[in-house]
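Following our numbering, the numbering of the sequence shown begins with 25 at its first residue and continues without gaps.
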Amino acid sequence: MSDLFVSREHILQGGYFHSTLRKLQEPDTSIEPHNIMYPVFLLENVDAIQPVASLPNVNRYGLNQLIPALTDLVEKGLKSILIFGIVETLPKDPTGSSADSPFNPVVKALPILRATFPSLLIATDVCLCPYTSHGHCGVLTETGAIDHAASVKRIAEVALIYAKAGAHVVAPSDMMDNRIKAIKDALIASKLDNQVSVLSYSCKFASCMYGPFRDTMKSSPMEGDRKCYQLPPGSAGLAARAAARDVAEGADFLMVKPGLPYLDIVRQTKNQFPTHPLFIYQVSGEYAMICKSGDSSEIQNTLMETLTCMRRAGADCIITYFAPLVLSIINKK
Ligand code: PB1
25 MSDLFVSREH ILQGGYFHST LRKLQEPDTS IEPHNIMYPV FLLENVDAIQ
75 PVASLPNVNR YGLNQLIPAL TDLVEKGLKS ILIFGIVETL PKDPTGSSAD
125 SPFNPVVKAL PILRATFPSL LIATDVCLCP YTSHGHCGVL TETGAIDHAA
175 SVKRIAEVAL IYAKAGAHVV APSDMMDNRI KAIKDALIAS KLDNQVSVLS
225 YSCKFASCMY GPFRDTMKSS PMEGDRKCYQ LPPGSAGLAA RAAARDVAEG
275 ADFLMVKPGL PYLDIVRQTK NQFPTHPLFI YQVSGEYAMI CKSGDSSEIQ
325 NTLMETLTCM RRAGADCIIT YFAPLVLSII NKK
């Protein structure tokens, strides 16, 4: 050993050679059931179950198929779900009128899911894109631009219907300016503001990693793209301003989406608003990439390392299609 002087502070391996020591070196990165939220796709046909080709082990469920699937997962510890409605017979039109139709699968399922799973936290995505003929997340003007006032009005109407139907959390993924205030005002006017939370997709980027989801939902824009209302991938500044806007308008929770490529935004948002629990959405493209990362053990290792990094960056809850696998990993431990 050379007589090189080594500062005692430069000898690190004594602090993590044992697994228990390593856990002490990784504070706030535990992954427990309440740190996971499971996105589920809900069909109109209550008895249908349709595998999603681009998302291995992910299905589109009718309610009668979703209930047994959730029963098994709740027994394994599932704490929360995020519901996306899919219409196949209900009409798609310029204002997304099926979004809050009494025949909408989400509206019909909510009271039944609440009664069937009294302890499960039930969130609903709130957006127009699965229900609009043009495929955009808002209402358009004659020229094809976003009609801000009409979009915000529609999003708030849909959120309130889901809240009244039984959603514990409404999660507007549309990215329209000021929809959080409109939703909060609607909840207050209906005396639901202390029974329904608002989870804002506050820092949501115009990513190319939503492809498998859009195939699943048949929710791609018919023309153009979503770059004029989802954030530019390179803009940390707009992410900070969007988070500040939504906190000021009453969001209970914030979100960064997609996940892994945006961990810098997770850390930025957590530092900016340590008072608000922060969600991160591991989107469909991320899911598909990890599914291709190797055999089952390599997939599990890649997944758990990714989730640990998301928690280290500051995410409090991870929205992931891997929720069933994560629960089985947690239960094995
Ligand atoms: O998993 C995913 O890719 C999620 C996609 C996401 C769902 N909230 C949206 C992204 C998009 O299609 O632009 C849906 C937008 N309302």
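Ideal placement from N, C-alpha and C gives every residue a C-beta, glycine not left out.
Apply the 10 Å Cβ neighbour rule to Ser221 and answer buried if 16 or more other Cβ atoms are within range, or exposed otherwise. buried
Keeping to the same chain, check which residues put their C-beta closer than 8 Å to that of Gln292; ignore five residues upstream and five downstream. Ala260, Ala263 and Ala264
Helix, strand or coil for Asp198? Go by DSSP, reduced to three states. coil
If distances are taken between C-alpha atoms only, which option among Leu278, Thr140, Tyr234 and Phe229 comes closest to Val193? Leu278
Should Gly86 go down as buried or exposed, given a rule of 16 or more other Cβ atoms within 10 Å for buried? buried
Exposed or buried, which one is Pro115 when buried takes at least 16 other CB atoms within 10 Å? exposed
DSSP three-state label for Gln37, please. helix
Going by DSSP, name the residue or residues bridged to Arg250. Partner(s): none; Arg250 has no beta bridge.
Tell me which same chain residues have a C-beta within less than 6 Å of the C-beta of Ile207, skipping the five on either side of it? Ala180, Ala183 and Val222
In terms of residues, what are the limits of the alpha helix (DSSP H) holding Gly283? First-last for Gly283: undefined, no H or E at that position.
Cβ pair count under 8 Å reaching 3, the region 52-61 against the region 27-41: no
Have a look at Lys188 and Ala93 and give me their C-alpha separation to the nearest angstrom. 25 Å
For Thr344 and Tyr186, what's the separation of their Cα atoms in angstroms? 22 Å
Pairwise C-alpha distance: Ala133 and Ile314: 31 Å
I think Thr240 touches Phe127, with their Cβ atoms under 8 Å apart; what is that distance to the nearest whole Å? In fact, because the Cβ distance is near 21 Å, the residues do not count as touching under 8 Å.
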